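Everything below concerns the one structure shown next.
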Amino acid sequence: MATLVICEKKSAASRISYLLSDGDQTQKSYYNHPYYELDREGEKYICVPLRGHIIEYDYPKEYNNWGKVDEEDLIWVEPQKNITAKRIVNLLQKTGKEVDRMIVATDYDREGELIGLEAVRFAKKELEDIPVERARFSSLSKGEIEKAFSDLKEIDVDLAESAATRQIIDLAWGAVLTRFLSKASSQYGDDYLSVGRVQSPTLAIIVDKDHEIEEFDPEPYWKITALLEKDFEFEADYKESRIWEKEKADEVYEKVEEADEAKTLSFNEKTKKDWPPIPFNTTQFLSDANKLNLSPSQAMSTAEDLYTAGWISYPRTENTVYPDSLHLEGHLRKLKGSELSEEVKEILSQDKIWPTKGKKETTDHPPIYPIKPATKGDLTGNKWKVYELILRRFLATLAPYGIKRLRNAEFNIEGEEFKSKGNELIKKGWRKYYPYYKAKESKMPELDKGERVDITDVGMEEKETQPPSRYSQGKLVKIMEDEGLGTKSTRHGIIQKLYNRNFISGKVPRSTNSGRSVIDTLEKHAEMVTKPDMTRELEEDMQKIAEEDLEKEDVIKESRDMLQKVLKSLREEEEKIGKELKQSLTDQHSVGNCPECEDGILLIRKSKNGRFVGCSNYPDCKNTYSLPRSGNVKPGKGECPECGAPMVKVYHGGDTEKLCIDINCDHSQEQRYRGECPECGGDMIEQRSYKGKRFLGCSNYPECENTYPLPQKGNLLYAEKKCEECGAPIQKMSKKNKEDWEFCPNPDCSSDEDEEDK
DNA sequence: GCAAGGTC
11 MATLVICEKK
21 SAASRISYLL
31 SDGDQTQKSY
41 YNHPYYELDR
51 EGEKYICVPL
61 RGHIIEYDYP
71 KEYNNWGKVD
81 EEDLIWVEPQ
91 KNITAKRIVN
101 LLQKTGKEVD
111 RMIVATDYDR
121 EGELIGLEAV
131 RFAKKELEDI
141 PVERARFSSL
151 SKGEIEKAFS
161 DLKEIDVDLA
171 ESAATRQIID
181 LAWGAVLTRF
191 LSKASSQYGD
201 DYLSVGRVQS
211 PTLAIIVDKD
221 HEIEEFDPEP
231 YWKITALLEK
241 DFEFEADYKE
251 SRIWEKEKAD
261 EVYEKVEEAD
271 EAKTLSFNEK
281 TKKDWPPIPF
291 NTTQFLSDAN
301 KLNLSPSQAM
311 STAEDLYTAG
321 WISYPRTENT
331 VYPDSLHLEG
341 HLRKLKGSEL
351 SEEVKEILSQ
361 DKIWPTKGKK
371 ETTDHPPIYP
381 IKPATKGDLT
391 GNKWKVYELI
401 LRRFLATLAP
411 YGIKRLRNAE
421 FNIEGEEFKS
431 KGNELIKKGW
441 RKYYPYYKAK
451 ESKMPELDKG
461 ERVDITDVGM
471 EEKETQPPSR
481 YSQGKLVKIM
491 EDEGLGTKST
501 RHGIIQKLYN
511 RNFISGKVPR
521 STNSGRSVID
531 TLEKHAEMVT
541 KPDMTRELEE
551 DMQKIAEEDL
561 EKEDVIKESR
571 DMLQKVLKSL
581 REEEEKIGKE
591 LKQSLTDQHS
601 VGNCPECEDG
611 ILLIRKSKNG
621 RFVGCSNYPD
631 CKNTYSLPRS
641 GNVKPGKGEC
651 PECGAPMVKV
661 YHGGDTEKLC
671 IDINCDHSQE
681 QRYRGECPEC
691 GGDMIEQRSY
701 KGKRFLGCSN
711 YPECENTYPL
721 PQKGNLLYAE
731 KKCEECGAPI
741 QKMSKKNKED
751 WEFCPNPDCS
761 SDEDEEDK
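Counting in this note's numbering, the first sequence runs from 11 upward without gaps.
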């Protein structure tokens, strides 16, 4: 007797083998892929980890040619299953022959059911009649696993089929619409315009906000503020914090302008508990990591590294409730060995440790928490940043609440009503351990009704209503979750995809021309693809398939019919759509007008050797420029005074250069001249490496290889003098809020050793 | 070369 246990991933396989054998499992390897063997009640178990899905749907090869395949036909093509993890399939086939029953022990969710079934189908091939059972467990704890393996269920084929339905539908809609838009706008190669059930509604959320901001019409208003003093200065605003008419504002201001006393009409004070945050699920984690300047993709991949190295628990989870199996106190004791040992001890010293809990409780994985203690010596850079965040969050969820003191008062100033609010944290509580959220505090003294308070100043300000702000990437992940778009494992990747497709740009994402026009086109002709409802409806259908209320085939057929209608309506306007898309793509790549011909536009183009700028009138106009090696190039203001070519802005992260597009023109050269090369008498030129790093290099390169490193931020100029020690040209640096300073760029020079950085 | 979903 032998049993094959199929697990979703390595960590689960290792844990399950351990629990089933009381730690007596053996790790083996098959062509470098690990698996486990163990004995359990005299029976041999082989525990094989998958790597999530091991197959994926795609169309047969003959449909790969976008030009030759009609999208209308593609709708009805049956996709085939391709193996994506060959070695795992081999291992399943090999071990499948050695066993006489199988247990699917993948994650307890819809995809898990399908992932398990995919594996079973490979393992079972020649043994059609061996029994397959399903272990369903809500955590990888001893109790849960024992219970699941002693009470085995049947595999839920309908549930798995519902997941397969989603795959087929997503592929059909994605492939058909992606090909249609790309072909209509002649976007081939890497520049195709993609469409998808999740990515398009997500993009639409960003585009809608951009439209809202563009259409925003600021309205002026006036604000009257009195500065009062009792023990310290504090502000009181006129009862209408925004006064919309200038006359009214003037009228009030005239009355109170010269006042020197305010009479307290009322004063209230109350305290409020400031509750600690709930345990980290993926969304909360990505959102807070974004405050630390990490994109969701960066945060996720860092968390993945920390997880595989055993520092933190599984980072993909929706759960916000610590399971009973996690012994919080014992675990805290373990974390005393971490960098934050003092903080851990403080938390431990509480009489009782009460964790917070969120509304969402799932059974697949615990919330994200630190598994073992780490110090700054163990982890560096982003890894430490992320680990510290997760450790601090864990502590905060076990820490005491804080207390806020809220005060508010109303005043009479020359017959006009003013009001003031105070919000002070009088007990820090959990915020001591979790400094990532800034509490908005404002101080206000204690007052008595009728008390007279001195006025030190009264001011009136003209202000403007502000447009709504853009969504940060962290906020976007949250909105996606609220709208049901994507999953805990895919949301960060979807956002990254929008960047990679050039649909959005910037740290706080804004839509590009192509992103905007893709959404505009879809909204006009296939609105449903831009709405989260499509996902909601698909979810409902999948539920019904799982419950046997609907047949997989019927759902797919209905979806294909709908796709056919959508495609038809798009095709009726194909020419117009193509024109609109092409126009906005031209705008996106334009850097300005061509100085060499009548009506040419200079466009960023790609060649085998990289990118360059060429004229839209090519081949009639052969004007070209090379582009800087790195950075994002956008049109700038005006033309070069020297050669008439357009000025461009080059963005390097937070740093912007303004250059003439012709890097060899005298103006550009002059702008970047930073003194004479002490080695050969050539010009030292400020330039950027392929990676965007700024340095000084000699104009006689490659004959002269003299270079100096430069600080990466701040404005640099040649100080018009040479270093007395080494002869290198002295550089002058100016930075915001700092005094200018001069330095020798030569790192081997001893000239500024006594001088510390200013 | 198309999607979204797992996981590395």
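All C-beta atoms, glycine included, are put in the ideal place defined by N, C-alpha and C.
Keep in mind it's a predicted model, so treat the numbers as computed, not measured.
- In the structure shown, the three-state DSSP call for residue 61 is coil.
- Across the structure, residue 182 and residue 210 are spaced so that their CA atoms are roughly 15 Å apart.
- Only residues of its own chain outside the window of five on either side were considered, and among them 468 have a CB closer than 7 Å to the CB of residue 267, listed in chain order.
- Each residue's CA atom was taken as its position, placing residue 195 and residue 658 some 26 Å apart.
- Per the Cβ contact rule, the segment 498 to 518 is in contact with the segment 199 to 214 (3 or more Cβ pairs under 8 Å).
- Residue 11 counts as exposed, since fewer than 16 other beta carbons sit within 10 angstroms of its beta carbon.
- Of the candidates 34, 313, 277, 313 places its Cα closest to the Cα of residue 389.
- In this structure, the CA atom of residue 440 is about 12 Å from the CA atom of residue 414.
- Here the alpha carbons of residue 144 and residue 167 stand approximately 11 Å from one another.
- Residue 121 sits in a helix when the DSSP states are folded into three classes.
- Assignment of beta-bridge partners to residue 231 by DSSP yields 473.
- Contact check for residue 373 against residue 149 passes: the beta carbons are separated by less than 8 Å.
- Taking a cut-off of 8 Å for Cβ pairs, the segment 60 to 71 and the segment 83 to 93 touch, as three or more such pairs fall below it.
- Contact between residue 426 and residue 230 is ruled out by a C-beta separation of about 21 Å, above the 8 Å threshold.
- Between residue 419 and residue 594, the C-beta gap is not smaller than 8 Å, which leaves the two residues out of contact.
- Residue 743: member of the beta strand (DSSP E) spanning 739 to 744, first to last residue.
- A buried status is given to residue 502, since no fewer than 16 other beta-carbon atoms sit within 10 Å of its beta-carbon.
- Inter-residue distance for residue 570 and residue 563 is about 11 Å (C-alpha atoms, whole angstroms).
- Our two residues, residue 609 and residue 581, have alpha carbons roughly 32 Å apart in a direct line.
- Excluding five sequence positions before and after residue 285, the CB atoms of its chain that fall closer than 6 Å to its own CB belong to 411, given in chain order.
- If you check the CB distance, residue 597 and residue 512 do not come in under 8 Å.
- Rounded to whole angstroms, residue 154 and residue 387 show a C-alpha spacing of 36 Å.
- For the pair residue 335 and residue 22, the Cα-to-Cα distance works out to about 16 Å.
- Collapsing the DSSP output to three states places residue 389 in coil.
- A direct Cα-Cα distance of roughly 40 Å separates residue 757 from residue 613.
- Judged by DSSP in its simplified three-state form, residue 90 adopts strand.
- Of the candidates 723, 689, 525, 726, the residue whose Cα lies closest to the Cα of residue 710 is 689.
- Note that the segment 248 to 261 does not touch the segment 483 to 491; fewer than 3 beta-carbon pairs, one per stretch, sit closer than 8 Å.
- Note that the segment 169 to 178 touches the segment 546 to 557; at least 3 beta-carbon pairs, one per stretch, sit closer than 8 Å.
- DSSP places residue 40 inside the beta strand (DSSP E), whose first and last residues are 36 to 40.
- Close CB contacts of residue 526 within its chain, under the 6 Å cut and outside five residues either way in sequence, are with 217 (chain order).
- Looking at the DSSP output, residue 418 shares a beta bridge with 278, 431.
- Nearest to residue 585 by alpha-carbon distance, out of 535, 566, 704, 316, is 535.
- If the five residues before and after residue 316 are omitted, its C-beta is found closer than 7 Å to the C-beta atoms of 322, 393, 396, 397, all from its own chain and listed in chain order.
- The beta carbon of residue 759 sits closer than 7 Å to the beta carbons of 733, 735, 736, 738 from its chain, once the five residues preceding and following it are set aside; these are given in chain order.
- Following the DSSP letters along the chain, one finds residue 636 in no alpha helix (DSSP H) but inside the beta strand (DSSP E) bounded by residues 634 to 636.
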